[in-house]
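To keep things clear, I will list the structure first and then write my remarks on it.
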Ligand SMILES: CC(C)(COP(=O)(O)OP(=O)(O)OC[C@H]1O[C@@H](n2cnc3c(N)ncnc32)[C@H](O)[C@@H]1OP(=O)(O)O)[C@@H](O)C(=O)NCCC(=O)NCCS
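Now the structure itself:
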């Protein structure tokens with residue numbers, strides 16, 4: 111794959127490149143094809159469509175409601191991606207994913223740090239996300255960053271009919287700190303109403 115047309119910024123924290131030598135930069139339309147390759151592999155039961163990514167990116171203009179980031183390896187390949195929606199001061203993690211061959215090296219953490227920082231810069235009082243109840247690995251990542259379980263959306267992921275755990279981060283800050291000692295607690299039973307007009311988020 112050829113390098114992306116625009117340059118990247120080091121990930122995370124500035125200075126040297128981050129995990130796998132990857133850099134973070136804004137997602138652009140030319141990233142949609144490689145993102146879709148990963149999307150279909152990483153979310154086999156509830157992948158977003160190409161059209162959904164076009165719609166999301168259409169809202170990433172200055173003043174728009176979305177913020178999308180890709181992690182790019184030194185050879186220009188998309189290694190991961192993440193998206194944020196901010197409406198009326200409330201942030202939602204739209205998606206987050208890392209190439210399965212590059213997981214476990216901190217890229218997920220770098221992408222999440224980027225989203226939390228952007229939510230803080232946009233003045234969000236809270237940042238919410240949905241995650242499949244059968245995805246403990248992603249839940250652990252969120253928990254390390256201070257997200258707490260607040261409810262369950264029954265049957266949120268279709269057609270698999272899998273429940274979503276709703277998690278919330280209070281007062282996102284640009285000074286992101288993770289807590290590696292947190293134990294995962296998913297014993298939340300409060301039902302949260304599903305919004306049938308929204309595409310299920312995976313993040
Ligand atoms: C969830 C997901 C984004 C995490 O991405 P990741 O790049 O693997 O995340 P990180 O590397 O930052 O952290 C994940 C694990 O790697 C470990 N890790 C992080 N940096 C590490 C390093 N330098 N060396 C060894 N392990 C490391 C973390 O401790 C963590 O371990 P744990 O899962 O056992 O608690 C990734 O697993 C994924 O894309 N999953 C499929 C899509 C998905 O489910 N997305 C979430 C939807 S809600």
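In the numbering used here, the protein residues as written are 111 to 313.
Here a beta-carbon is modelled for each residue, glycine too, at the ideal position from N, C-alpha and C.
All values derive from a computational prediction rather than experimental measurement.
Assuming residue i and residue j form a contact by the criterion Cβ under 8 angstroms, report the distance between their Cβ atoms to the nearest whole angstrom.
i, j, result
"residue 178", "residue 137", "4 angstroms"
"residue 264", "residue 240", "Not a contact, Cβ separation roughly 12 angstroms."
"residue 248", "residue 225", "In fact, because the Cβ distance is near 13 angstroms, the residues do not count as touching under 8 angstroms."
"residue 286", "residue 227", "6 angstroms"
Nearest by alpha-carbon distance to residue i: which of the options is it?
i, options, result
"residue 272", "196, 310 and 211", "310"
"residue 127", "139, 216 and 174", "216"
"residue 144", "276, 159, 199 and 234", "159"
"residue 231", "268, 242 and 199", "199"
"residue 154", "207, 129 and 246", "207"
"residue 267", "242, 171 and 170", "242"
"residue 184", "246, 253 and 135", "135"
Taking the Cβ atom as the reference point for each residue, do residue i and residue j lie within a distance shorter than 7 angstroms?
i, j, result
"residue 59", "residue 133", "Any question about residue 59 goes unanswered here, given that the chain covers just 111 to 313."
"residue 205", "residue 312", "yes"
"residue 302", "residue 261", "yes"
"residue 188", "residue 244", "no"
"residue 229", "residue 282", "yes"
"residue 251", "residue 214", "no"
"residue 277", "residue 255", "no"
"residue 166", "residue 157", "no"
"residue 259", "residue 275", "yes"
"residue 237", "residue 201", "yes"
"residue 212", "residue 130", "yes"
Any residues whose CB sits closer than 6 angstroms to a heavy atom of ligand 1? List them in chain order? 152, 206, 207, 208, 213, 214, 215, 216, 217, 218, 219, 241, 245, 247, 248, 250, 251, 312 and 313
Unbroken stretches of the alpha helix (DSSP H), 4 residues or longer, contained in the region 124-180: 142-152 and 160-167
Which ranges would you report for the beta strand (DSSP E) in the region 224-275 if only whole runs of at least 3 residues count? 236-242 and 258-267
Enumerated in chain order, which unbroken segments of the alpha helix (DSSP H) with a length of 4 residues or greater are wholly contained in the region 186-218? none
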